[in-house]
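Chemist:
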Amino acid sequence: MDLFEEDDDFEIIQYLNYQRRLYTVHEKINHMLAWDDHDFRVRFRLGKNVVRNLLEYIEDEIASQTTRNNAVTPINKLLLTLRFYATGNFLITAGDFIGVSKTTACLIVRNIA
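Using the working numbering, the letters of the sequence shown correspond one by one to residues -18 to 94.
What follows is the structure, encoded as structure tokens:
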């Protein structure tokens, strides 16, 4: 009986000493400013002006309903989708390029497609 009580005590001590991982917010890269016209076209297969015009048409439809928790901006959603289609890459690599998870990248591509 003593053996089981020690296990329970150990579990309680582990629970009390559990430390949550700190929430960190990483600054997002503005790809419209980070790349010149040539490099932007190489990465996304479209020029900056075309992307801006396309964004004007669909921005209201793809905008997040909230600004909480650093929601992904419409331009980043569009660029992630363009990057995914331009490279034929995996969602995880397209998401890493923008700074979101694979699950978020999947939701973004599905909503924009």
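Ideal Cβ placement from N, Cα and C applies to all residues, glycine included.
Bear in mind the structure is a predicted one, so any value in this text is a computation, not a measurement.
Identify, in the order they occur along the chain, each residue of the same chain with its Cβ nearer than 7 angstroms to the Cβ of N92, setting aside the five sequence neighbours on each side.
Modeler: I43
Chemist: Exposed or buried, which one is G69 when buried takes at least 16 other CB atoms within 10 Å?
Modeler: exposed
Chemist: Is F6 helix, strand or coil when you go by DSSP?
Modeler: For the sequence presented, residue 6 should be read as Val rather than Phe. Here V6 sits in coil by DSSP.
Chemist: Measuring CA to CA, which of D20, R24, L3 and I56 is closest to N34?
Modeler: I56
Chemist: Does the distance from the C-beta atom of F71 to that of V90 stay below 7 angstroms?
Modeler: no
Chemist: By Cβ distance below 7 angstroms, which residues in the same chain neighbour D18 in space, the five residues on each side in sequence not counted?
Modeler: G28 and K29
Chemist: Nearest CA to the CA of I10: which residue from L88, D77, A94 and E37?
Modeler: D77
Chemist: Please look up how many angstroms separate the CB atoms of A67 and F25, rounded, as I've assumed it's under 8 angstroms.
Modeler: Rounded, the Cβ-Cβ distance is 6 angstroms, consistent with contact.
Chemist: Could you tell me the distance, in whole angstroms, from the CA atom of S82 to the CA atom of A52?
Modeler: If you draw a straight line from the Cα of S82 to the Cα of A52, it is about 13 angstroms long.
Chemist: Using CA coordinates, which residue listed in E(-8), L63, L59 and A15 is at the minimum distance from D41?
Modeler: L59
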